[in-house]
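Have a look at the structure below, then the notes.
2 protein chains.
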Amino acid sequence: MGEFELIRHYFAAAPCAQAGDGVALGIGDDCALLALPAGQQLAVSTDTLVAGVHFPDPADPFLLGQRALAVAASDLAAMGASPIGFTLALTLPSVAEGWLQPFAEGLNRMARHCGLSLIGGDTTRGPLSLTMTVFGGVPAGQALLRSGARPGDLLCVGGVLGDAAGALPLVLGQAQADEAIGAPLLAHYWSPSPQFGLGQALRGKATAAMDISDGLLADCGHIASASGVGLDIELGALPLSNALLGLLGREAAQTAALTGGDDYVLVFSLPGEHLAALRADGWDIHALGRVREGQGVRLLDAQGADITPVVRGYQHFRETP
Amino acid sequence: MGEFELIRHYFAAAPCAQAGDGVALGIGDDCALLALPAGQQLAVSTDTLVAGVHFPDPADPFLLGQRALAVAASDLAAMGASPIGFTLALTLPSVAEGWLQPFAEGLNRMARHCGLSLIGGDTTRGPLSLTMTVFGGVPAGQALLRSGARPGDLLCVGGVLGDAAGALPLVLGQAQADEAIGAPLLAHYWSPSPQFGLGQALRGKATAAMDISDGLLADCGHIASASGVGLDIELGALPLSNALLGLLGREAAQTAALTGGDDYVLVFSLPGEHLAALRADGWDIHALGRVREGQGVRLLDAQGADITPVVRGYQHFRETP
């Protein structure tokens with residue numbers, strides 16, 4: 003048995019490799035087998051994280067395991083899917099038990115948190131990178147797409163924005179912060195929580211949804227484009243954490259919220275009549291704008307004036323039509 | 003739009019991205035959606051190919067696109083699954099149209115050959131590697147596992163063995179051969195044909211199956227271990243191509259057939275009563291041994307004597323229990 007074959011056995015013994023709901027056959031054969039309840043469709047998404055590109059190299063392996071799975075799983079949540087399982091394709095320069103053990107622990111922790119079972123994968127030698135493919139179930143016809151936003155809908159997000167972008171200089175060791183400020187931001191970066199519950203609660207209510215990975219403006223641009231509508235965001239309505247405000251001040255915190263990636267909260271269009279009931283059910287939803295006729299994403303001040311041209315200076319926004 | 007976002011659009015426009023049977027939603031949203039007919043399970047497998055490890059670097063991008071998908075799809079065939087789709091996670095050092103265009107053509111060609119639709123993926127910057135996750139459908143309870151081989155079954159393979167191993171020195175430029183010998187070997191290496199038809203024909207007949215990726219002996223070791231049986235292989239019964247015999251001579255060709263990887267033909271255990279009917283249906287099946295009580299894989303000569311100890315000299319076999 004070669005050393006990379008050993009890793010396979012290592013992960014096959016991990017707690018997250020215990021087959022859960024929807025998994026008819028887990029790790030160990032040519033394929034895993036998934037069994038969906040009647041009337042369900044399978045949601046599938048793939049994400050690759052490359053060392054030095056998508057996370058610092060070296061990175062804490064426990065935190066990396068947590069974060070890699072959360073990033074991938076967030077796409078399932080954004081479809082309104084229920085979690086089933088995931089595959090892990092892990093490429094490593096060498097086999098180091100001191101790395102694999104905490105990595106698997108971080109992976110296990112997030113898998114348990116999300117309710118995802120490890121169903122298969124591949125382990126190979128090469129420059130460090132991870133590809134996760136995640137699987138969820140969603141009732142046929144009820145998946146939350148990007149393409150259904152309608153003029154008049156509210157534009158909402160499922161949590162505060164910009165924390166991960168605020169954390170990045172801390173992650174990279176380019177800045178320091180007091181524990182009270184740094185800890186919550188770093189937690190948001192390293193351990194984002196895929197919003198499965200919210201996504202499922204939005205089925206049949208939200209007209210479009212996605213998770214924020216590239217930044218609010220860039221991702222709103224995707225919804226606007228897929229739905230054939232325009233989106234207006236009120237700058238003052240951006241939900242910002244006290245930690246982010248404490249680190250950056252209001253103006254830079256707003257920029258982080260608009261343009262920073264890696265938030266992994268849901269952004270969605272919602273007919274206004276659903277807002278109160280969702281909030282009454284305890285969902286931390288923030289309305290920050292409206293869907294309108296037209297195209298593109300505009301920023302408005304509190305008086306409704308278009309201030310898009312004066313809030314610039316970052317690549318994603320410039321590139322969004 | 004960033005350059006890697008452009009690649010996504012590039013692949014989304016590829017012919018293989020046209021949604022086929024079982025694909026309810028293809029590329030472009032947070033997830034793809036698969037819809038299985040009632041009574042079917044979804045077979046899932048993931049394979050990573052790293053440049054310089056699993057294929058030469060540089061490699062012809064057309065051939066690489068073909069081969070990468072075939073390698074991954076072969077796991078579906080080995081389960082007896084019908085093809086549905088695949089995701090492509092492509093990590094590239096830079097964006098070069100001269101590379102992407104032929105790569106996509108090779109991918110498209112194999113996707114069409116297999117009947118697989120590209121349903122999603124990710125494109126990232128980093129050292130060249132590819133991770134494919136493939137999806138197929140199989141009637142519940144009819145998947146071909148590794149674990150059902152029973153003493154008395156025939157041990158069979160679905161085609162000639164060792165051609166890919168024979169081709170490797172040619173692929174790496176370490177050896178040369180006449181066109182008549184080199185061309186078929188290189189074709190086998192660069193464009194293996196996943197045995198979907200055979201896999202489906204074996205449903206309800208073969209008691210265990212897998213595809214040969216690590217080499218006949220190593221992979222037979224997996225079946226023996228998963229099934230709790232021993233396997234006997236008759237050295238003289240190995241199916242060898244004329245090209246391989248011409249390149250290596252009989253003894254080295256047998257070693258290539260036993261220990262060379264990358265053949266991607268099916269190896270399976272089959273109750274003897276099914277052999278004639280399958281052959282009558284046109285399947286090129288070679289019986290090369292028997293399942294027995296016990297454990298491990300033995301090599302026998304034509305008189306049935308155990309010659310395992312004298313046919314050695316390669317890592318996989320030594321490592322197989």
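Same order as they appear, the protein sequences are chains A and B.
Using the numbering used here, the final residue of the first sequence is 323, and nothing's skipped along the way.
Using the numbering used here, the final residue of the second sequence is 323, and nothing's skipped along the way.
Every residue gets a Cβ at the ideal spot worked out from N, C-alpha and C, and that includes glycine.
All figures in this text were calculated on a predicted structure; none of them were measured in a lab.
Residues near residue i by beta carbon distance below 8 Å, same chain, minus five either side
i: Ala16 of chain B; result: Ala106, Leu109, Asn110, Leu120
i: Gly128 of chain A; result: Thr93, Leu94, Pro95
i: Gly123 of chain B; result: Arg10, Phe13, Ile29, Thr89, Leu90, Ala91, Leu92
i: Ala142 of chain B; result: Gly41, Gln42, Gln43
i: Ile183 of chain B; result: Ala245, Gly248, Leu249
i: Arg281 of chain A; result: Ile287
i: Leu204 of chain B; result: Gly82, Leu146, Ala211, Leu268, Phe270, Leu272, Leu280
i: Leu36 of chain B; result: Gly24, Val25, Ala26, Leu44, Ile86, Gly87, Ile121, Phe137
i: Arg114 of chain B; result: Pro17, Cys18
Partner residues on chain B for residue i, Cβ-Cβ distance less than 7 Å
i: Gln43 of chain A; result: Ala26, Leu35, Leu36, Ala37
i: Ala142 of chain A; result: Ala37
i: Thr89 of chain A; result: Val46, Thr48, Thr135
i: Ser131 of chain A; result: Thr93, Gly128, Ser131
i: Val2 of chain A; result: Missing from the structure shown is residue 2 of chain A; chain A here goes from 3 to 323 and no further.
8 Å Cβ cut-off: residues of chain B touching residue i
i: Asp77 of chain A; result: Asp32, Cys33
i: Asp23 of chain A; result: Those within 8 Å of Asp23 of chain A in chain B number zero; the least Cβ separation is about 14 Å.
i: Met212 of chain A; result: Asp31, Asp32
i: Ala1 of chain A; result: Look at the range of chain A in this structure, 3 to 323, and you will see that residue 1 of chain A is not part of it.
i: Ala83 of chain A; result: Cys33
Cβ-based burial, residue i [other Cβ within 10 Å; buried from 16]
i: Gly251 of chain B; result: exposed
i: Glu236 of chain A; result: buried
i: His11 of chain B; result: exposed
i: Asp31 of chain A; result: buried
i: Ala304 of chain A; result: exposed
i: Pro241 of chain B; result: buried
i: Pro311 of chain A; result: exposed
i: Leu174 of chain A; result: exposed
i: Ala177 of chain B; result: exposed
i: Arg292 of chain A; result: buried
i: Gly306 of chain A; result: exposed
i: Gln197 of chain A; result: buried
i: Gln103 of chain A; result: exposed
i: Ala151 of chain B; result: buried
i: Ala238 of chain B; result: Position check: residue 238 of chain B holds Gly in this sequence, whereas Ala was assumed. The residue is exposed, with fewer than 16 neighbouring Cβ atoms inside 10 Å.
i: Ala226 of chain B; result: buried
i: Pro153 of chain A; result: exposed
Interface partners of residue i on chain A, CB under 7 Å
i: Ser47 of chain B; result: Asp32, Cys33, Gly122
i: Gly217 of chain B; result: Within chain A, no residue comes near Gly217 of chain B; the closest Cβ sits about 12 Å away, beyond 7 Å.
i: Ala40 of chain B; result: Ala40
i: Val269 of chain B; result: In chain order: nothing, as chain A lies at least about 11 Å away.
Cβ shell of residue i (< 6 Å), same chain only, five flanking positions each side left out
i: Tyr266 of chain B; result: Ser76, Pro194, Asp213
i: Leu260 of chain A; result: Leu218, Leu219
i: Phe319 of chain A; result: At Phe319 of chain A the pLDDT is 34, less than 50, meaning the model places this residue with poor confidence; the figure from the coordinates comes in the next sentence. Closer than 6 Å at Cβ, skipping near neighbours: Leu219, Thr261.
i: Met112 of chain B; result: Gln68, Leu71, Ala72
i: His276 of chain A; result: Lys207
i: Gly100 of chain B; result: none
Cβ-based neighbour list, residue i, same chain, cut-off 7 Å, excluding 5 preceding and 5 following
i: Leu130 of chain B; result: Ala53, Asp59, Thr93, Leu94, Pro95
i: Ala74 of chain A; result: Ser47, Asp49, Phe88, Met134, Val136
i: Glu7 of chain B; result: none
i: Leu38 of chain B; result: Gly24, Leu44, Gly139
i: Ala80 of chain A; result: Leu146, Gly201, Ala211, Met212, Asp213, Leu268
i: Thr322 of chain B; result: Interpretation of Thr322 of chain B is limited by its pLDDT of 33, a score under 50 that renders its predicted location unreliable; no figure is taken from the coordinates.
i: Ala21 of chain A; result: Gly28, Ser119
i: Thr126 of chain A; result: Phe6, Thr93
Interface partners of residue i on chain A, CB under 9 Å
i: Arg148 of chain B; result: Gly30, Asp31, Asp32
Within chain A, partners of residue i - CB distance below 8 Å
i: Val55 of chain B; result: Thr126, Arg127, Gly128
Contacts of residue i in chain B (Cβ-Cβ under 9 Å)
i: Ala80 of chain A; result: Asp31, Asp32, Cys33
i: Val159 of chain A; result: Result: empty, since nearest Cβ-Cβ is about 15 Å, beyond 9 Å.
i: Ala106 of chain A; result: Under the 9 Å cutoff, chain B gives no residues; its nearest Cβ is about 17 Å from Ala106 of chain A.
Every unbroken alpha helix (DSSP H) within the region 173 to 259 of chain A, with a cutoff of 4 residues, ordered by chain: Here the runs fully enclosed are 181 to 192, 198 to 204, 218 to 229, 244 to 250.
Those runs of the beta strand (DSSP E) which lie wholly inside the region 3 to 60 of chain B and span at least 3 residues: The qualifying runs are 25 to 27, 34 to 36, 42 to 52.
The region 137 to 146 of chain A touching the region 239 to 247 of chain A, judged by at least three CB pairs closer than 8 Å: Taking 8 Å as the limit for Cβ pairs, the verdict is that the region 239 to 247 of chain A does not touch the region 137 to 146 of chain A.
Cβ contact (3+ pairs, closer than 8 Å) linking the region 159 to 175 of chain B and the region 183 to 203 of chain B: They touch, by the three-pair rule.
Given 8 Å, three or more beta-carbon pairs between the region 222 to 232 of chain A and the region 288 to 298 of chain A: Contact between the region 222 to 232 of chain A and the region 288 to 298 of chain A is present, because at least three Cβ pairs lie under 8 Å.
Entirely enclosed beta strand (DSSP E) segments - the region 58 to 138 of chain B, minimum 3 residues: With a minimum length of 3 residues, the continuous beta strand (DSSP E) runs that stay inside the region 58 to 138 of chain B are 84 to 94, 119 to 127.
Alpha helix (DSSP H) segments (min. 4 residues) lying fully within the region 264 to 316 of chain A: Considered as a whole, the region 264 to 316 of chain A harbours 277 to 282 as its complete alpha helix (DSSP H) runs of no fewer than 4 residues, in chain order.
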